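Asks: Residue numbers (the working numbering): 1204 to 1295.
Written out as structure tokens, the structure reads:
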């Protein structure tokens, strides 16, 4: 369940994105790529957006990742949403 989603484009062209569920928090400050923080820790790690945009195309990789990452589907949703919002911003 998604609790909160934010996307803000500021006048200086920086972007802020936030995606929060029960278990994860994904955000960017506009200067770096997406970062993920799990509810079980305060450790923040970079999120490879390209990997999560293409993992569904590789059934074996998707299966393997689901075994170790219960938040995979939420991560994919967040990355797709972020990418779509960026593309819409670039088109306008």
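From the three backbone atoms N, C-alpha and C, an ideal C-beta is built for every residue, glycine too. Bear in mind that the values here come from a model prediction, so they are computed numbers and not experimental data.
(1) Inspect the CB distances between the region 1267-1278 and the region 1221-1240 and report whether three or more fall short of 8 Å.
(2) Return helix, strand or coil for residue 1213, following the three-state DSSP convention.
(3) Is DSSP giving residue 1250 helix, strand or coil here?
(4) Could you spell out the range, first to last residue, of the beta strand (DSSP E) harbouring residue 1230?
(5) DSSP on residue 1257, reduced to helix/strand/coil?
(6) Output yes or no for whether 7 Å exceeds the beta carbon distance between residue 1252 and residue 1282.
(7) By DSSP, does residue 1269 sit in helix, in strand, or in coil?
(8) Between 1206, 1244, 1288, 1205, which lies nearest to residue 1220 when the distance is taken from Cα to Cα?
(9) Under the assumption that residue 1285 contacts residue 1237 (Cβ atoms under 8 Å), give the Cβ distance between them as a whole number of angstroms.
Replies: By the coordinates alone:
(1) Three or more beta-carbon pairs drawn from the region 1267-1278 and the region 1221-1240 are found closer than 8 Å, and the two stretches are therefore classed as touching.
(2) Position 10 of the chain shown holds residue 1213. Looking at residue 1213 - three-state DSSP - the assignment turns out to be coil, as it is neither helix nor strand.
(3) By one-based count along the chain shown, residue 1250 stands at place 47. In the structure shown, residue 1250 sits in coil (DSSP, three-state: anything other than H, G, I, E or B).
(4) Numbered from its first residue, the chain shown carries residue 1230 at position 27. Residue 1230 -> beta strand (DSSP E) spans 1227-1231.
(5) As a working note, residue 1257 is residue 54 in the chain shown. Correct three-state label for residue 1257: helix.
(6) Position 49 of the chain shown, counted from the start, is the residue given in the question as residue 1252. Position 79 of the chain shown, counted from the start, is the residue given in the question as residue 1282. Judged by beta-carbon spacing, residue 1282 lies within the 7 Å limit of residue 1252, meaning their Cβ atoms are closer than that value.
(7) Along the chain shown, one-based indexing puts residue 1269 at 66. Helix, per DSSP.
(8) Translated into positions along the chain shown, residue 1220 becomes position 17. Minimum Cα distance to residue 1220 is reached at 1288.
(9) For the purposes of this step, residue 1285 is taken as residue 82 along the chain shown, with counting starting at 1. For the purposes of this step, residue 1237 is taken as residue 34 along the chain shown, with counting starting at 1. So it is a contact: roughly 6 Å between Cβ atoms.
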